[in-house]
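In this note's numbering, the protein residues as written are 9 to 492.
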Ligand code: GLN
């Protein structure tokens, strides 16, 4: 029962072959059994989930159910959940109980989904391995000595281990696509502005976007149709109609123009990952797609640009954690400066401090032009490359990550190698484009992901393209050993 996709579970719930209370209890039992091994949940909502499941069953019985009614999911602990701890993976917010729901939490609640709990994540979503979390690292269900990716590593691990049917995530520079790739799932980052950021704790506001991690493109389409849409509480939310993403999954691939950026096949890319991309492309060719070599000439600037823009915005966003209004406060401050410095010094971990310091530096009067302003210019060039490419291709494809999941501890002493794990992801955020990752095979027994990048607000096509691949393959059906 728990190896079903969300779409399959939804059909069974609606047909009343199974009740939400049964499925929810089964998930809760699995969480109790497996979560200690993988450390993927920060908070489990046992009683609340069962109550929501019973309410969902009543709604299904009355016949006014939504497709998601009764489906058990998990939220990344970056989304505010009323009355529930919302830690953002940080000691700073370990004592924070959110007073309201994030927009997407409300949307998924209204659809009748059941919330199993809040998932572990890199502190303030800064990281690519989940090792910066105050709550300890998450283990990859495919190999417990390896990372699940980050920052949405907990969300990726709970879905891969079948401890939730799907989970939410956020992607500032790859944090949905990279963990989805490293655990063999489908991860979708929508166009910037497609999903409201209201109630999502801010990391880098011009890059942050909410999305989902699920088994299939079809599952992701069902979820995205619920969370996408205009919200006046987020000034960057875009007011345009939300298509029924699940209704357009069957568009044929024939005639599709796929661009493959030659710059993605750089020396840092594992040869076996590159081969897996070629194999995936051959499936698309067989389905009638035209694969073209393209160039994103400024691709090499995306990591350095991202690591100026993201820390700059983070340094500003995180100034609100001052020990005064909410979050960690140091004991017995002697004066205001002591309160600020000790509260922040004690509440934030090393990676967050590194970002705040870098960000403050690049924004400082003496260096603003040299770094921040320059990064804004290179960001414009990166965006222009994508726009140019989309004048002659429909989607762009390549690897999601350079390698399969790396070992825990392998990159923790070297931030730059850690940052490079998102080399194929960062540019998509800088341009504000939608991107997704789908499982495309295994390297050394570990899953690897194919990245599909769409044009602005072209999620429907991107999801359809992913879905057609999943009809031809069964990578998305694989369950890690020991979690069957
Ligand atoms: N790994 C990138 C970083 O550390 C991306 C994080 C994210 O997308 N939240 O900033």
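Glycine residues also receive a C-beta, built at the ideal position from the N, C-alpha and C atoms.
Query: Range of the contiguous alpha helix (DSSP H) that encloses residue 453; Result: Here residue 453 belongs to no alpha helix (DSSP H), and DSSP marks it neither H nor E.
Query: Own chain partners of residue 413 with C-beta closer than 6 Å, once the 5 adjacent residues on each side are dropped; Result: 148, 154, 155, 190, 454
Query: Length-filtered (4 minimum) alpha helix (DSSP H) runs lying within the segment 295 to 325; Result: 310 to 325
Query: Residue 189 beta carbon near the ligand GLN (any heavy atom closer than 7 Å); Result: no
Query: Cβ-Cβ separation, residue 177 to residue 203 (assumed contact under 8 Å), whole Å; Result: Between residue 177 and residue 203 the Cβ distance is about 11 Å, and since that is not below 8 Å, they are no contact.
Query: Burial state of residue 470, where buried means 16 or more other Cβ atoms lie within 10 Å; Result: buried
Query: DSSP state of residue 407 mapped onto helix, strand, coil; Result: strand
Query: Residue 162 - DSSP class collapsed to helix/strand/coil; Result: helix
Query: Residue burial classification, residue 363 (beta-carbon count within 10 angstroms, cutoff 16); Result: buried
Query: Any alpha helix (DSSP H) of 4 or more consecutive residues that is wholly inside the segment 145 to 207; Result: 161 to 168, 185 to 191
Query: Rounded C-alpha distance that separates residue 19 from residue 393; Result: 42 Å
Query: Residue 3 CB to nearest heavy atom of the ligand GLN below 7 Å; Result: With the chain covering only 9 through 492, there is no way to say anything about residue 3.
Query: Backbone secondary structure at residue 44 - three-state DSSP; Result: helix
Query: Cβ pair residue 132, residue 97 closer than 8 Å; Result: yes
Query: Sufficient close CB pairs (3 or more, under 8 Å) joining the segment 384 to 391 to the segment 428 to 443; Result: yes
Query: Three or more C-beta pairs below 8 Å linking the segment 262 to 273 and the segment 392 to 411; Result: yes
Query: Check: residue 366 C-beta below 7 Å from any heavy atom of the ligand GLN; Result: no
Query: beta-carbon residue 243 near the ligand GLN non-hydrogen atom, thresh 7 Å; Result: no
Query: Same chain, Cβ closer than 6 Å to residue 304, five either side skipped, listed in chain order; Result: 269, 271, 393
Query: Residue ranges of each alpha helix (DSSP H) within the segment 239 to 298, 4 or longer; Result: 279 to 294
Query: Where residue 215 sits in the DSSP three-state scheme; Result: coil
Query: CB of residue 117 within 8 Å of CB of residue 444, strictly; Result: no
Query: Residue 186 classed as buried or exposed, judged by whether at least 16 other C-beta atoms fall within 10 angstroms; Result: buried
Query: DSSP-derived helix/strand/coil call for residue 87; Result: strand
Query: 6 Å CB neighbourhood of residue 228 in its chain, flanking five on each side removed; Result: 194, 196, 220, 222
Query: Residues bridged to residue 92 [DSSP beta-bridge criterion]; Result: 89
Query: Where residue 339 falls: helix, strand or coil (DSSP); Result: coil
Query: Residue 472: first and last residue of the uninterrupted alpha helix (DSSP H) it sits in; Result: 467 to 480
Query: Whether residue 46 touches residue 188 by CB criterion (8 Å); Result: no
Query: Counted within 10 angstroms of its Cβ, other Cβ atoms place residue 342 as buried (16 or more) or exposed; Result: exposed
Query: Residue 134 beta carbon near the ligand GLN (any heavy atom closer than 7 Å); Result: yes
Query: Local Cβ density within 10 Å of residue 403, reported as buried at 16 or more and exposed below that; Result: buried
Query: Element boundaries [alpha helix (DSSP H), containing residue 125]; Result: No alpha helix (DSSP H) holds residue 125; the beta strand (DSSP E) holding it covers 122 to 127.
Query: Same chain, Cβ closer than 6 Å to residue 210, neighbours up to 5 away in sequence not counted; Result: 325
Query: Within 8 Å, strictly: CB atoms of residue 348 and residue 330; Result: yes
Query: Rounded straight-line distance, which links the Cα of residue 51 to that of residue 396; Result: 45 Å
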